[in-house]
Amino acid sequence: MIKHYEYYNQIALNISYYRKKAGLTQARLAERVHISRGHMSNIEAPNVPTPFTTTILFDIADALEVELVDLFDFKK
Numbered sequence: 000m001i002k003h004y005e006y007y008n009q010i011a012l013n014i015s016y017y018r019k020k021a022g023l024t025q026a027r028l029a030e031r032v033h034i035s036r037g038h039m040s041n042i043e044a045p046n047v048p049t050p051f052t053t054t055i056l057f058d059i060a061d062a063l064e065v066e067l068v069d070l071f072d073f074k075k
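Mapped onto numbering that gives the first Met the number 0, the consecutive letters of the sequence shown carry residue numbers 0 to 75.
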C-alpha cells in the first residue's frame, strides 16, 4: 500500500470536484496540464493512488483556477 494513501485519495476527489465544477472533462484538463488523459484519470482515481509531481499539482490548480490549498482541503 502506498504511503499516505488517504491523502492521495482526498486530493484525487478534490481535483475531480473542481474539474467538474469548472465544466471540464478529464481530457480537457489533461490537455491544459500537458499530461495524457490516462495519467489524469489515474490521478483522479480514488482507488488507485498515483504519485505525481508538485509541478503537475501546481499546473492542475492553475488550470482549474483554484488556489493550491483548495486541493488540500480535506474537510469536504
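For glycine and all other residues, C-beta sits at the position ideal for the given N, C-alpha and C. Please read these numbers as outputs of a predicted model, since none were measured by experiment.
For residue 68, the three-state secondary structure derived from DSSP is helix. Just so you know, the alpha carbons of residue 63 and residue 38 end up roughly 17 Å apart. Cβ-Cβ separation between residue 4 and residue 48: approximately 5 Å, consistent with a contact (criterion under 8 Å). Straight-line measurement puts the Cα of residue 27 at about 11 Å from the Cα of residue 21. Residue 34 is positioned such that its CB atom lies no closer than 8 Å to that of residue 70.
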